[in-house]
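*Asks:* First the structure, which I've put down as structure tokens, then a few questions once you've had a look.
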Amino acid sequence: MLSGDWRMEGCGTYGDAMYRYDLTDKTLVSERVAQFRDQTRRFLAGELSEDEFRHLRLRNGLYIQRHAPMLRVAIPYGLLSSRQLRALGSIARRYDRGYGHFTTRQNIQYNWPKLEEVPDILAELADVEMHAIQTSGNCIRNTTSDHLAGVTPDELEDPRPWCELIRQWSTFHPEFTYLPRKFKIAVTGAPQDRAASQVHDVGVHLVRNLNGELGFEILAGGGLGRTPIIGQVVRDFLPREHLLSYLEAILRVYNLEGRRDNIHKARIKILLRSLGIEEFRRRVEDEWEFTRDSGLRVDDAQIARLRGFFNPPAYRNLVNTEPAAGKSTAFRAWYRYNTTAHKVPGYRAVYISLKKPDVAPGDVTDSQMELLADLAERYSFAEVRVTHTQNLLFADVEQEQTFDLWQTLEKAGLATPNIGTLTDMICCPGLDFCSLANAGSIDVAKLINDRFDDYDYLYDLGELEIKMSGCMNACGHHHVGHIGILGVDKSGEEWYQITIGGAAGADASLGSVIGPSVAKTEVAETIANLLEVYVEQRRPDERFLDTVRRLGVKPFKERVYAAPAAA
Amino acid sequence: MPRRLLRDGRIVDDDWSYLAESADGAAALILTVAEWQTERAAWMARGARLGVVLQPADKVELLAPEISRLDLIAAQFSGPSEGRGYSQARVLREQWQFGGELRATGFVRRDQLFFMARCGFNSFELADTDLEAAAAALSTFSQAYQPSNDGGLPFKLQHGGPNIPANA
């Protein structure tokens, strides 16, 4: 076979199982590029003030950060074609410093673009059906979802068609572009919640009612930040044709009633808490009377068309095998931790760990992106997914090909066998990049990696989620980490508050603070102390999280604060 | 000099005055909600055209009882992040079937006009001096993803093929 031909082998056309832009999408995205180019020009020419431009650029994902602008690009519900990933790599090399950072909300961030070049970056993104629309600012953000959508055996229904429906409805929504605060929606279709939907402004869960009809459970008012709250059920069953009209009703109530006098009290969670769930629900349902039979009603033909974009790829007729049998310890560990079950016999979903110990969590280089694009074409139907935990995923890999894939990933530093373990940390960019941060995150991640470099110990500890944020904004989701780490500023010094017992899945809960914050040099030792208590007290097969839930904070706290401080 | 504004896509002289700026008891007056509420009967007896300006926190329902007597409703935008007026406009147009002039006032910039117009505003008191550039901003986008209030802009809601006009 000629080199280059293999890209198409078994893969049909590129990005078969994803939404493709039609003329409307293309037109809107290119009109947006033209609009933003003009806004940037007016700002650079002094026709727009800093403040006026700020409101405009934020709605296009452009922050002014510590060193340079930061551009956040949307990856709708985490789905990328190999062609798109290759374009992201190319942009990283030519406009940035050769890397990008994947976030917990399935976006990618560039930390070093030049303001005047941003319109050109947007034009290149538009060429591959991508954009930065509504990735920041007080508007409806990128809709996120389960990275195992369509392939996980426990799924009730594929959430992606519904995500695309929401993406379109929310894009340039004329009424909801100047909300009191940002608004995040996550959609899941499986009992296991891999999208942290309960800590979103709105969580949409695909469910079936007693008659077997498909619909949605709608949650609202979840969120992290300064006031972490788990979302509450607004409606336990919404017939599927009403999804958009119901969301529109929720958003209208929020837009009119949400607080605008205090940025820290402006999220929908605060409105919901102050009204109470009953009153909030009443207002939404009253508003829904006006919206439910509007042009937002989704008919069966529309649903069928959207589902058509997410048809399963051309799977081969295979049987399950034991690819790890007889292979090296290293491969077996990787296969166990970095691959997961697939609903089609003979296939696995494969995680690409972006948590190599000496690399900032979620960071990936231009050449790694290009390599992964090639590998996706060879092994996984030319598609790559971004996970909520800042890793990547090949959703559809033949079990028998996992060994070949692993060998290549291993050479590229992309096979760290740590998915779901202590070092698979979620981490915000922290003080190194973000102008909001109080403290560093990346360097703490490094210290933790240095302290916990024994894989046998990590594997013995089992499932453990460490989540770290450099400030109260909680981009690193520390409240819902089994162990959460929050950077705080103490008279100019970086200190860290530790919480335990948080979770983001279907059993979502907020962590409890164990006590006074600790110095940067003590963070890793503090975690070691927490884990010591766990190892001593755990029951067979009990996760750290469950031990904390059973015992409470007390024994952990006593150990941490009784122990002499690390030198 | 009369105030210039954008109405129905054209640059025109404003033929309305706010009560506070009207020394000569102009024929067409825009009142605050408080002014309107205190002497409603007297204002209506006057027989001239009447308008009311809503502040962002004002409930649209305040105007419901005599909405048919109003020829103009204005929504005040208090700053660059104010967004309640967008919902006020849609509620006025869609739930109260207000058919008169719906005006955006206050912090109104050309970059917001497309969205404002889609919510039902048809006139704009702009801070921008370049009203022609502002008028052009009304056609920033040629299509939309969601139905709204702009009668005619082609929209699609996740169906392919030709776009269907919103009022078809």
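Residue numbers (this note's numbering), protein chains in the order written: chain S, 542 to 1108; chain Y, 2 to 169. All C-beta atoms in this analysis are idealised placements derived from N, C-alpha and C, irrespective of residue type, glycine included. Computed from a predicted structure; not experimentally measured.
Could you check how far apart the C-beta atoms of S:Thr1067 and S:Val1076 are, in whole angstroms? I think they sit under 8 angstroms.
*Replies:* The distance from the Cβ of S:Thr1067 to that of S:Val1076 is about 15 angstroms, inconsistent with a contact at the 8 angstroms cut-off.
*Asks:* What's the C-alpha gap between S:Trp947 and S:Ser1053?
*Replies:* Approximately 39 angstroms between the Cα atoms of the pair.
*Asks:* Mind checking the stretch 593-616 of chain S against chain Y and listing, in chain order, the residues whose C-beta falls within less than 7 angstroms of any C-beta there?
*Replies:* If the cut-off is 7 angstroms between Cβ atoms, the stretch 593-616 of chain S has Glu593, His596, Leu597 near chain Y.
*Asks:* My output table needs one value for S:Gln773: the three-state DSSP class, helix, strand or coil.
*Replies:* strand
*Asks:* Measuring only the C-alpha atoms, how far is S:Phe724 from S:Glu863?
*Replies:* Between the C-alpha atoms of S:Phe724 and S:Glu863 there is a straight-line separation of about 44 angstroms.
*Asks:* What residues in the stretch 707-739 of chain S bring their beta carbon closer than 7 angstroms to a beta carbon of chain Y?
*Replies:* Gln709, Trp710, Thr712, Phe713, His714, Pro715, Glu716, Thr718, Tyr719, Leu720
*Asks:* In the DSSP assignment, the alpha helix (DSSP H) including S:His596 goes from what residue to what residue?
*Replies:* 591-599
*Asks:* Excluding five sequence neighbours on each side, which residues of the same chain lie with their C-beta closer than 7 angstroms to the C-beta of S:Asn852?
*Replies:* Ala558
*Asks:* Are the C-beta atoms of S:Leu1027 and some chain B residue less than 7 angstroms apart?
*Replies:* Among the protein chains in the structure shown, which are S and Y, there is no chain B.
*Asks:* How would you list, in chain order, the residues of chain S whose beta-carbon sits under 7 angstroms from the beta-carbon of Y:Gln98?
*Replies:* The contacting residues do not exist; Y:Gln98 stays about 12 angstroms from chain S at best.
*Asks:* Relative to the C-alpha of S:Pro1096, which candidate in S:Glu1083, S:Asp1082, S:Leu988, S:Ile1041 has its C-alpha closest?
*Replies:* S:Ile1041
*Asks:* Tell me which residues of the stretch 562-576 of chain S have at least one Cβ-Cβ distance to chain Y shorter than 7 angstroms, keeping chain order.
*Replies:* Asp563, Thr565, Thr568, Leu569, Glu572, Gln576
*Asks:* In whole angstroms, what is the alpha-carbon distance linking S:Trp1036 and Y:Glu102?
*Replies:* 57 angstroms
*Asks:* Within 10 angstroms of the Cβ of S:Ile616, are there 16 or more other Cβ atoms? Answer buried if so, exposed if not.
*Replies:* buried
*Asks:* Tell me, please, whether the stretch 699-718 of chain S touches the stretch 614-630 of chain S by the rule of three or more beta-carbon pairs shorter than 8 angstroms.
*Replies:* yes
*Asks:* Chain S beta carbons: is any one of them nearer than 7 angstroms to that of Y:Thr141?
*Replies:* At least one beta carbon of chain S lies nearer than 7 angstroms to the beta carbon of Y:Thr141.
*Asks:* Report the option in S:Ala790, S:Arg824, S:His783 whose CA atom is closest to the CA atom of S:Asp840.
*Replies:* S:His783
*Asks:* Could you tell me the alpha carbon to alpha carbon distance between Y:Leu32 and S:Arg682, rounded to whole angstroms?
*Replies:* 38 angstroms
*Asks:* Please go through the same chain and pick out, in chain order, the residues whose beta-carbon is closer than 6 angstroms to the beta-carbon of S:Ser1010, but skip the five residues on each side of it.
*Replies:* Cys969, Cys1016, Gly1017, His1019, Leu1027
*Asks:* Report the option in S:Gly691, S:Gly762, S:Thr685, S:Met671 whose CA atom is closest to the CA atom of S:Gly817.
*Replies:* S:Gly762
*Asks:* Kindly indicate the opening and closing residues of the beta strand (DSSP E) around S:Glu658.
*Replies:* It is not in any beta strand (DSSP E) - S:Glu658 carries neither H nor E in the DSSP assignment.
*Asks:* Quick one: which chain S residues come within Cβ less than 9 angstroms of Y:Glu83?
*Replies:* Tyr719, Arg801
*Asks:* So S:Arg793 contacts chain Y; which residues on that side make the cut at Cβ distance below 7 angstroms?
*Replies:* Ser88
*Asks:* I'd like to know if the stretch 881-893 of chain S and the stretch 672-681 of chain S are in contact, where contact means that at least 3 CB-CB pairs between them fall below 8 angstroms.
*Replies:* no
*Asks:* Any contact of the stretch 623-643 of chain S with the stretch 884-904 of chain S, i.e. 3+ C-beta pairs under 8 angstroms?
*Replies:* yes
*Asks:* List the endpoints of the continuous alpha helix (DSSP H) containing S:Ile989.
*Replies:* 983-992 is the span of the alpha helix (DSSP H), which, as asked, contains S:Ile989.
*Asks:* So the alpha helix (DSSP H) S:Thr565 belongs to, where does it begin and stop?
*Replies:* 564-585
*Asks:* Buried or exposed: which applies to S:Lys655, given that a residue is buried once 16 or more other Cβ atoms fall within 10 Å of its Cβ?
*Replies:* Around the C-beta of S:Lys655, fewer than 16 other C-beta atoms lie within 10 Å, and the residue is accordingly described as exposed.
*Asks:* So, do the stretch 859-878 of chain S and the stretch 929-938 of chain S have three or more beta carbon pairs nearer to each other than 8 angstroms?
*Replies:* no
*Asks:* Could you tell me which of S:Leu599, S:Glu939, S:Asp661, S:Thr729 sits nearest to S:Val674, measuring between CA atoms?
*Replies:* The sequence shown places Ile at residue 674 of chain S, not Val. The candidate whose alpha carbon is nearest that of S:Ile674 is S:Leu599.
*Asks:* What residues are listed by DSSP as bridge partners for S:Cys968?
*Replies:* S:Met1009
*Asks:* Scan the stretch 832-853 of chain S for residues whose Cβ lies nearer than 8 angstroms to a Cβ of chain Y and list them as they occur along the chain.
*Replies:* Residues passing the 8 angstroms Cβ filter: Ser835, Gly836, Leu837, Val839, Ala842, Gln843, Arg846, Leu847.
*Asks:* Report, in whole angstroms, the separation of the C-beta atoms of S:Ala914 and S:Glu924, which I expect to be a contact under 8 angstroms.
*Replies:* In fact, because the Cβ distance is near 10 angstroms, the residues do not count as touching under 8 angstroms.
*Asks:* Assign S:Ala894 to buried or exposed, taking buried as 16 or more other Cβ atoms, counted over all protein chains shown, within 10 Å of its Cβ.
*Replies:* At residue 894 of chain S the sequence reads Ser, which differs from the Ala that was named. Answer is buried; the Cβ neighbour count reaches 16.
*Asks:* Give every residue of the same chain whose Cβ lies closer than 6 angstroms to the Cβ of S:Ala664, excluding the five residues on either side of it in the sequence, and list them in chain order.
*Replies:* Val574
*Asks:* Going straight from the alpha carbon of S:Tyr876 to that of S:Arg889, what length do you get?
*Replies:* 10 angstroms
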